[in-house]
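First the structure, in the form of structure tokens, and then the observations on it.
Chains as they are written, first to last, in UniProt numbering: chain A, 1 to 740; chain B, 1 to 424.
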């Protein structure tokens, strides 16, 4: 009680002023009420006093009272009834602004009691002679549907909205379309309710022609609404698709960036139906300049545009062929814009523009922000992998960067060099001594692991490889797991290439890894190597030193099906995140059962399966939506299970390919795939899932089922079944199971 | 669509809060305060937590925030935020904590007029000003007929113009303003040079004038006349909503009925044959670890009759600089320790002139030697009656029923602010 006393005092003063006989004093009091309301104070106690001031000629005061009502109507439903009369009266006011204000506010009150009184005035306002009132009333229908869908159906408001699409005023048409689309979205989200069927807004060809007419005349926001509706229309034939495209193209010249992106969306959708090759080319050509112009918008809009350009480039790599320079980062660009520009620059890189690109990237590598510097160095590596002719120049730039001896620059450069070695094996061996001389400066796991991989891979060419690896073997138990795994593999490689000199070191590491290591992954891998080496060194050679396919930069970072879906949602959040809507709407996670359902529904549709997989992968990472770069560019797919499954062939490669993957199953699957030739990887996976992954088991099982068609579609693991390999698929499995 | 709209002060105080949908409580504002305002490491303008997405724009000491719970149109939301900022600027002259606090009633009115149920509505500043005013008396006294006129303007096919405009003297002012973006490498090669131009128009014309506008744009000229060599290639142009886009698409003519007063008629972008008005030649040498010497020369690249004004060079110095000794031929140079730059201001440089600065920065020794990142030199300037793209307004024709005579004025300005960067 003692806490409430001062509040009461303040409220008391306000109450006196609200009931004052002077108009100015009352109005001033209302303003103070709104001000405290904004700060978050509870002023619902003043409801009756504020309500008294509702009936006034002063439009501003009326708006203030309405604002108060909208805030507290929910908490004081009984008292709102008192306001109804004034509202209903206002909807008959001769002043259209007052009529519109009344109907707008009534829709926002959201009190059950008042809804029933809303229908009659709404009916009237929908037919009002003034377009301003009509456009406000149209949106009010959507508000009503949000509260009580039955009322909208019963009163025939939907039919009325459909009639209003033919309204002479473009603004009314736009708001009608907005309302119908909003109702449609709500209905689709809840397909079970009784009203939803009628609420679906199907765009027919007669609606289409009305929308196309209104498009050129209405306000910018209205244009976006109409364009969004056009995007949903399904064209009857290619003539109609062409017609839509031709009518929409002029919108590219609109000053508002959201109109431009909405138009791009419509074109991308309806271009699928265009058969004339030259028209498609022409549309793409017309699309490029407005997209580039979006880069001179404010940074936030720019960023949305860049994310979408990234998507568009994945579909049409020819879109911005000669435009790389406009993506050069300005020194004062925000970081999120810079990072996105980097990605697009690498996409646009080709033999002709690689020189200016490299000098830019080198410039960025000396900037202050560590993250940006690292990404720039990564981009150099990506360029090297992408353009064969430029690889040497990239390596030279990397060497210059290593020479700076700035710790994080060197470490990132080492990681990048590893990828270059994987793409161009045995080409740049001269660089290895320089890399090794920086060994002491490496303290990040990824950089260490990369260097160890390089040493292991070129063990036969590095004279003191055993010495170098010895350093890591000595500190084995203190290293992080990825480094341990790499050390283990590298030492085994060393042993297989130089068996005489490295007997001791391999014995030591296998011993340490199986006895003193607390990671099951490391232990398991050590056991496998041990078995392989002791039973059949020939097989060990085939597995560990197997030839690996060279890596490449994937054209897309999302699956084709998802790409198509995202292109249909250009400028939306989904297209900004490059993730399907389900991953961030509704809890941020997709459960295993929904994946199962998807599979059942669309079992033989290849695209859908891919999408389901993508959704699982994305769902797992939905928590770090803010980290947009969780998909390393070297993976075939965005990340997760599908990606590693497709690309793996040996444990080392598997681990490197997966980059950050910590899923032990990936490695195991690849081992079996490698040694067993064409053996189906399923049984051992399940066996292990049951043994070591109790926690993730529920997620794994359904995924495997979805995965199987994908695995079959991929050429079986890269090693051809070599004659010297003892093809005894059953045996290793038994052995491994025996270990447990 | 937008479910909630907030304005926060820098300290996280809610200045304006407006909820449009029931899916949120007011407490959602606290989430934003904790996750964004008090978080020093925000690396994206959109933050999604669970299924709630926050879109924010920072302006002066404010956060303008839109919240949504569905797969919203991101471009539209940011465009709206910036439109809102422009509306505020136009109403209050500036947008900051103070102006928001002083005008919160008006701001609520404006927000409610420009967003309904989360969907942006009419946001034409000119139209808004006819019925949302700072003086409450006018809104009360608006007669019904007057409001009908306003509402039909707000919704009409030419929502940007009233029909009954009358001027004694019919005038139209056209300002061609070009912003040059330049990044030049340390070797002096141009990495990127382009122009963002906008054509600002102030139309004081009676009645409902029909305007036609012509530029020395290459595409138009190629079509109509031959033999003119000074044609400019525009990469892209965008127009105010009054311009008939379909007509432009078909015949490249710019025709429109202008709004009354000031508006931005078009924006364009040009990347070819950019004339750089100023050339900066920096020579920066690090002498040992304790000194950096600068010699910076500005050369003009335009006619003797023209001049560059308000030239400001910001020349970065290493972080461990203690003092800088500057000598300049013209203008004033000063070391600003807080920003690690030497600011050199020259009020006016005539065409053909040359200015030089020589300076020496003294450095303290540091324990760990880090390589100096050498941020670029940034140049701001203005040059009147000069366009970097070479664009010229060829004609502006005004047709009106009463066939009055109108006077047109054209002005050109090329400027740079924060985008003219020279590496060294």
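Cβ atoms here follow ideal geometry from the backbone N, Cα and C, with glycine treated the same way.
Proximal residues of chain A, C-beta to C-beta of residue i below 8 Å
i	result
residue 151/B	96, 97, 100, 130, 131, 132 and 133
residue 245/B	216, 250, 251, 253 and 254
residue 371/B	366, 404 and 406
Where residue i sits in the DSSP three-state scheme
i	result
residue 415/B	strand
residue 344/B	strand
residue 98/A	helix
residue 74/B	helix
residue 372/B	coil
residue 54/A	coil
residue 181/B	strand
residue 743/A	Only positions 1 to 740 of chain A appear in this structure, which leaves residue 743/A out of reach.
residue 525/A	helix
residue 553/A	coil
residue 81/B	helix
residue 299/B	strand
residue 19/B	strand
residue 261/B	strand
residue 1/B	coil
residue 75/A	coil
Cβ-based neighbour list, residue i, same chain, cut-off 6 Å, excluding 5 preceding and 5 following
i	result
residue 305/A	294
residue 10/B	61
residue 106/A	87 and 118
residue 423/B	185, 186 and 376
residue 396/B	213 and 408
Where residue i meets chain B, residues with beta-carbon distance less than 9 Å
i	result
residue 293/A	196, 235, 236, 237, 238, 267, 268 and 269
residue 104/A	112, 116 and 117
Chain-ordered neighbours of residue i on chain B, where CB pairs are closer than 7 Å
i	result
residue 332/A	418
residue 23/A	In chain order: nothing, as chain B lies at least about 10 Å away.
residue 328/A	183, 191 and 192
residue 585/A	51, 70 and 71
Where residue i meets chain A, residues with beta-carbon distance less than 7 Å
i	result
residue 39/B	Near residue 39/B there are no residues of chain A at all, since even the closest Cβ is about 11 Å away, more than 7 Å.
residue 79/B	256, 257, 258 and 301
residue 148/B	96 and 130
residue 74/B	304, 571, 572, 573 and 576
Same chain, Cβ closer than 7 Å to residue i, five either side skipped, listed in chain order
i	result
residue 466/A	494, 501, 502 and 505
residue 179/A	138, 139, 141, 142 and 161
residue 287/B	293
residue 556/A	314 and 563
Close-in-space but distant-in-sequence residues of the same chain around residue i (CB under 8 Å, 5 per side omitted)
i	result
residue 98/A	59, 62 and 90
residue 336/B	342 and 343
residue 363/B	289, 290, 291, 292, 318, 320, 321 and 322
Interface partners of residue i on chain A, CB under 9 Å
i	result
residue 45/B	299, 300, 303, 304, 334 and 336
Contact list for the segment 547 to 574 of chain A against chain B, Cβ threshold 9 Å: 569, 570, 571, 572, 573 and 574
Positions along the segment 249 to 262 of chain A whose CB lies within less than 9 Å of some CB in chain B: 249, 250, 251, 252, 253, 254, 255, 256, 257, 258, 259, 260, 261 and 262
Within 7 Å of chain B by C-beta, residues of the segment 203 to 219 of chain A in sequence order: Taking 7 Å as the Cβ-Cβ cut-off against chain B, the residues of the segment 203 to 219 of chain A that qualify are 216, 217 and 219.
Contacting positions in the segment 30 to 44 of chain A - beta carbon closer than 8 Å to chain B: Those residues of the segment 30 to 44 of chain A that come within reach of chain B (Cβ to Cβ, closer than 8 Å) are 31, 34, 35, 38, 39 and 40.
Cβ contact check for the segment 541 to 553 of chain A and the segment 279 to 294 of chain A: 3 or more pairs under 8 Å: no
Residues in the segment 259 to 278 of chain B having any Cβ partner in chain A nearer than 8 Å: 264, 266, 267, 269 and 271
Proximal residues, the segment 120 to 135 of chain B versus chain A, C-beta separation under 8 Å: Cβ contacts with chain A: 120, 121, 122, 123, 124 and 131.
The segment 211 to 219 of chain A in contact with the segment 196 to 214 of chain B per 3-pair CB rule at 8 Å: no
Cβ contact check for the segment 187 to 202 of chain A and the segment 165 to 176 of chain A: 3 or more pairs under 8 Å: no
Against chain B: residues of the segment 358 to 377 of chain A by CB proximity under 9 Å: Within the segment 358 to 377 of chain A, the qualifying residues are 359, 360, 363, 366, 367, 368 and 371.
Contacting positions in the segment 325 to 342 of chain B - beta carbon closer than 9 Å to chain A: none
Touch test, the segment 252 to 270 of chain B against the segment 322 to 331 of chain B, Cβ-Cβ under 8 Å, three pairs minimum: no
Contact between the segment 343 to 352 of chain A and the segment 377 to 385 of chain A (3+ Cβ pairs under 8 Å): yes
The segment 225 to 245 of chain A / the segment 231 to 244 of chain B touching (three or more Cβ pairs under 8 Å): no
Contacting positions in the segment 221 to 244 of chain A - beta carbon closer than 8 Å to chain B: 221, 224, 225 and 228
Chain-ordered residues of the segment 101 to 120 of chain B with a beta carbon less than 8 Å from chain A: 104, 105, 108, 109, 112, 116, 117, 119 and 120
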